[in-house]
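Just so we're aligned: 138 in UniProt numbering is position 138 of the sequence shown, and the numbers increase by one with no gaps anywhere.
Cβ coordinates follow ideal geometry from the N, Cα and C atoms, glycine included.
Take a look at the structure set out below.
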Amino acid sequence: MSFPDTQLPLDADMYVGGDWQSIADYIRVKEAFDVERGDRSENGQAGPSRVGLQLDNSDGRFSPRNPVGPWYGTLGRNTPLRLALRLAADVFARIVANGWDTSSSGHPWTTHGSVGTVAGEFAVTPSGGTHSVPVTNRFRMTYLAGLVQGRVDVAATVSLAVSDVTGGDVEPCNLVLGGLSTTDYYIVRVVITSAEAVTVKLMHVDGTNYSDTVTIAGLTHTSSQALRVRAQLEGSVLRAKVWAASAAEPAGWHVSGTLPAARAGWVGIRSGVSASNSNALPWVFTYTDVVVSSPRYIGEVSSLPPRWDLSGNDKWVPIEAWGIMRRLGQGAPVLHSALHRALLSISPVAYWPCEDGRDSVQIASGLPDGPPMVIAGTPSLSADDGFVCSEPLPTMGTSTWDASVPTYTSTGKIQLRFLMHMPAAGVATDAIIARVYTSGSLTFWQLVYGGAGLLRLEGCRDEVTIPFSTANIGFAPQGKLLRVSVELSDSGSDVNWLISTLQVGAVGGAFTSGTAPAQSTGRATRVWMAPQRNLGDSVIGHISVQDQITTLFDLALELNAYIGETAAARIVRLCTENAVSVAIHGTRTSSMRMGPQPVGTLLELLRECEAADTGILYESCGELGVAYRTRESIYSQGARASLDYAAGEVAAPYEPVDDDQATRNDVTARRVDGATARAVQTTGRMSVLDPSAGGVGRYDSTVDVNVEADAQLPDLANWLLRLGTVDEPRYPAIAIDRASPHVVANATLSAAALDLDIGDRLTVSGTVADSHSYDVVDQIARGYTETLGAFDHKIETTGAPASPYDVLVLDDAARDRIDSGSSTLGVGVSSGALSLSIVSTQELWSTDSGDYPLDLQIGGEVITVSAMSGASSPQTATVSARSVNGVEKSHAAGAPVQLAAPNYIGL
C-alpha cells in the first residue's frame, strides 16, 4: 500500500439479505470519517465504538422504507457493519510454472513444504494458484513473508477435483497466521473427512490446540464444491469460519481461541494429505480470490436517515453505527439472580423464585405463563438477603403458599428442591416444611421437621393416613443456608427416595436414601409450602419441580453466586449466557477473583469485573462483541509502535498535559459488604504533603470493588495508588498519519500503526528540540480515533503512562530490577564525573557484576553505571557513560538516585 498516490483501499460490508454485502463503492470517502474505539473521554472507561459515514443513495438501496430497494425488509436498525483496509490480494491472473511468483497486489509469495518439495508442486494456472501434494502425510505451503501484521484477516477459496475423500482426511485451505518461521505459526486447520464432513480447529504447527474441533453444520463436501475459508487474528485472539463458496458468508465465526500472547507475523495457505488417505495422487488444491486485510471496525447501524438536496439530484444517507455496548447499555434488562438464571437453564416443570417485592400478594412463577403460588397468611416478602445467589427472599411467618404444577408427561421421577434457612432455634416439632402432591399411588409426599435437628419424609394417602414414613434423620438444618432436595423415582413396583441438603459454601452435602415399597410416583400436581403455617422466621425460596433427577451439586457454583470466579472467566460466562460474543486477551485464570455475582444489567456486571481486575473492557474490531484485556496482559509488554518525533513520524496534535486530572494519592479500596484497605503516598513529589512541603496535597478517593476476600484489598489499594501517583505528563493525543511521507517511508511503523489496539504500548523518542522533554514518551493506548478518507489515514490515540505496568519479571535481565528507594548522592559531582558516592538508608545496591551495566537517573540525567562496590553505605558506582538521554549537568550532595527504568511488584 502506498500513500498518497492511490486511494485508500477500504473494504466495507453490511449484513443484509442474509449475507455480507459490499458497500465500499457507495461510501463517500472524499469526506473523511472517523472510527472511535476505546476510551476517548479520558474517564478511565471505554465507551461504545462509533463510526459515522455518508453513503450514496442514488438508487434508494439505503432507504429502509423503500419497498423497491434491493434490501427492503432486511435493512434497518442494528444492521451489522464492518470496515477493513485491504493489504493484499491475489486473483491469479498470470501463468507460472514453478511457484506462485508475485500476487496481484505486488506481494511476492514464498513456497515451503514438508519432505521432498519441488518447485513444480506450486504453480499458477488459468484456474488459480495450485498446490500439488504427490504423496500422503505431506503438506505444501505458500506465504507472504513480507506482509507482517498482528491484526489481520485472511480469506481464500479452495477447489478440489476429487468428489469423494477415501481412506483418510485431506486438509484444504489451512490458513496460516502469525508466522514467524516455517516451524512457528498458527493454523486454521480445515479438514474434509472420509465421511465428507468439514471440520475446523485452531492450533499451532507444533500440535498445541487452541480450540476444539468444530464440525460445520450443514456443510458436506461434494464434487467440485469450492469452499471459502476466512480467518482473523486480532491481538491474541484467533477466529475462523468455513462455508460453501457459492453460499452466503455466515454472519459470525465458527470457532475462536485465545493464543498465549499477541504477535505480528506473516500469513499464508497450507494444503495437506493425511497418511491414511487412499485417493489417487497427486492431490491438487486450487486457490482463488485471496484477500488479506486489516479489520478496522465492526458495529451496528443505529440510524439511516435518507437525505437529498432540493433538486433531488443528490441523494445520500449519513449513517451512524455503534458498537454492541451501546445496545447493552440502552434499556437493558436487569439480569436475574445467579440461581434464578441457573434454574431456568435446566428446564424445570415448575419454578417459583420467591424474589417478589414487599407489596406483592402472590409468589410469581419464574416460567412463562406458569401459575403463581397463592399466599395465605402473612409472610414478610423480600425480607432476607442471606443467600448471595438470590435477591432478597421471604420469611414464612404465619403464611402458607400453594400452587398447582402445570400438566406434563410423567417420567416416573419427581424432584422438589428449594432454599431454606431455618432459625437457629428450629421450628415447631413435626412442622411440615414442604408437601408435593402426585398422581401416583399416594396423594402427597411431605418433608417434616422432627425436632432436635431431625428431618423425615412421609408418604401420605390423605391428611391422616401415612402408609410410608422414614425415621427421623439427623440433618441439623437449623441456622444453615441450605439447598434442600427431595427425590422420588420409580423402581419396579417401588419408589426410591432420597433427601439431601447442601450448605452454601460447603464442598460436601448430607443425604439419606431408601425405598418405599409398593408405591409409585406418577407426576407432581401441586406444591404446598408450610401447610400448617408454623415455619415462623424460616426463609424459603427458589422452589422448583423437575421431572428428572439431577445431583444437588449441579448448581453448586450458582448456589455460591460464583464466589471465587476470576474476572475474565465471569466475563466469558456472562457473555456466553447472554449470547454476546466475547474475546479475552490475557490469561483468564490469573485475573482478579470475584465476590458473589449480584443482580444487575449485563453491562453493569461486566464493568464490575473490569473494576476489580483493573483491566480494560472494550469492543472487538473484528467480531461484533465485547473484548476484555486483563491487567496482567498489559504488564511489561514491548512497544507495539515506536515513533521518532525528530523524524517527523508524529502528527499533530501532540500536546502533553501536566495536570492533576488522574492524581490520587490517598486511596481506599472497599469490598462490597466487606472491609476496607487504605494506601497513602506520604513522601515524594506526588505525596499528600502540602505543596510547600514538597508534595501536591491530598487527593483522596474510595473505590468499591466486588472481590472475593478482604485480603485482596491492600494490594488493590496500593495498585490504584501507583496508577494515581505517576509523576509524568499524560497525552490526550499522540497521532500517527499513515499517509505522511515520513510514515510511508517506515514500513515497520506503518504496519505497526495498523496493529495498535486498546491496551497496547507505544513510545515516542526524539522530542527534546520542541518539548524540552528528555525522556522517551511511554504510553498505554486507552483508545483512539481513526480518520479514514480517500487519501487520509490518521490514528490518534489517547494515552495513559505505561510506567506503572513495568512489573517485576523474574529471570528477565531487563525486567527484574527494583529500585532501592532510599538512595542519594553522598558527595556532589560535576558534569564530567565518572565515580559516584551513593548513600542508601535501606537496601544496598547489588555489587554482582552480572547486574551491570544499568542506567540510573539523577536530577533528570540518565547515567550508565558499569559496576558497584562496597558492602555498606556509602557505595561507589563506576560510571561508563554520562548524559545518556541528552541531559548533562552537575548534581549536589543529597540528590535522589534511582533506576532510570524501575520495575514494580505487580498486583
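Tell me whether the segment 297 to 317 and the segment 68 to 88 touch, counting them as touching only if at least three CB pairs, one residue from each stretch, are closer than 8 Å.
yes
Determine the DSSP secondary structure at Asn718, reduced to helix, strand or coil.
The answer is helix: DSSP assigns Asn718 an H, G or I state.
My output table needs one value for Pro295: the three-state DSSP class, helix, strand or coil.
strand
Using CA atoms only, rank isn't needed, just tell me which of Ala240, Val255 and Gln225 is closest to Ser246.
Gln225
Do you know offhand how far Val292's Cα is from Phe285's?
19 Å
Mapping DSSP to helix, strand and coil, what is Asp727?
It is coil, neither helix nor strand.
Would you say the beta carbon of Ser302 comes nearer than 7 Å to a heavy atom of the ligand ATP?
Of the ligands one can find in the structure shown there are none, so the ligand ATP has no counterpart to examine.
First through last residue of the beta strand (DSSP E) which encompasses Val154:
Arg151 to Leu160
Would you identify the three-state DSSP class for Cys389, choosing helix, strand or coil?
coil
Where does Gly783 sit, in a helix, a strand or coil, going by DSSP?
strand
What residue range is occupied by the uninterrupted alpha helix (DSSP H) comprising Ile634?
Arg631 to Ile634
By the DSSP assignment, the alpha helix (DSSP H) with Pro741 in it spans what residues?
Pro741 to Val744
With DSSP run on the structure shown, which of helix, strand or coil describes Gly850?
helix
Considering just the uninterrupted stretch of the beta strand (DSSP E) at Leu344, what are its terminal residues?
No beta strand (DSSP E) holds Leu344; the alpha helix (DSSP H) holding it covers Ala338 to Ser345.
Can you tell me the Cα-Cα spacing of Asn903 and Ala647, whole angstroms?
30 Å
Check this for me: beta carbons of Thr601 and Ala332, under 8 Å apart or not?
yes
Sorted by chain position, which residues of the same chain lie with C-beta nearer than 7 Å to Thr182's C-beta, five sequence neighbours on each side aside?
His112
Can you grab the Cα-Cα spacing for the pair Thr6 / Asp289, in whole Å?
No answer about Thr6 holds up, because its pLDDT of 48 lies below 50 and its placement is not dependable.
Quick one: is Asp39 buried, meaning 16 or more other Cβ sit within 10 Å of its Cβ, or exposed?
buried
How is Gln712 classed by DSSP in three states: helix, strand or coil?
helix
Taking the alpha-carbon positions, what's the Ala735 to Asp792 distance?
13 Å
State the DSSP-derived secondary structure class of Arg37, mapped to helix, strand or coil.
Secondary structure at Arg37: strand, using DSSP grouped into helix, strand and coil.
What are the uninterrupted segments assigned as beta strand (DSSP E) that are 3 or more residues long and contained completely in the segment 457 to 522, given in chain order?
481 to 491, 494 to 503 and 510 to 516
Which residue from Val829, Ala900 and Leu834 puts its Cα closest to that of Ala855?
For the record, residue 855 in the displayed sequence is Asp; it is not Ala. It is Ala900.
Spatial neighbours of Thr515 within its chain, please: C-beta separation below 6 Å, excluding the five flanking residues on both sides.
Asp494 and Asn496
How far does the alpha helix (DSSP H) with Cys609 in it reach, from first residue to last?
In the DSSP assignment, Cys609 falls within the unbroken alpha helix (DSSP H) covering Leu602 to Asp613.
Glu619 and Ala627 closer than 8 Å at C-beta
Here Glu619 is near Ala627, since their CB atoms are less than 8 Å apart.
Checking the sheet assignment: what are the DSSP bridge partners for Pro80?
Answer is Glu300.
Ignoring anything shorter than 3 residues or poking outside the segment 551 to 591, list the beta strand (DSSP E) runs there in chain order.
581 to 585
Going by the beta-carbon positions, is the gap between Thr525 and Tyr437 smaller than 8 Å?
Contact flag set, yes.
Helix, strand or coil: which one does DSSP assign to Glu121?
helix
Could you please give the first and the last residue of the uninterrupted alpha helix (DSSP H) stretch that includes Asp755?
Counting along the chain, the alpha helix (DSSP H) containing Asp755 begins and ends at Ala747 to Asp755.
Under the three-state reduction of DSSP, which class applies to Leu202: helix, strand or coil?
Strand at Leu202.
Residue range of the unbroken alpha helix (DSSP H) whose run includes Arg61
Careful: Arg61 lies outside any alpha helix (DSSP H) and carries neither H nor E.
Do you know whose CA, among Leu227, Ile499, Arg671 and Val764, lies nearest Val191's CA?
Leu227
Over the uninterrupted alpha helix (DSSP H) stretch that includes Leu643, give me the two end residues.
From DSSP, Leu643 is part of no alpha helix (DSSP H) but of the beta strand (DSSP E) over Ala641 to Asp644.
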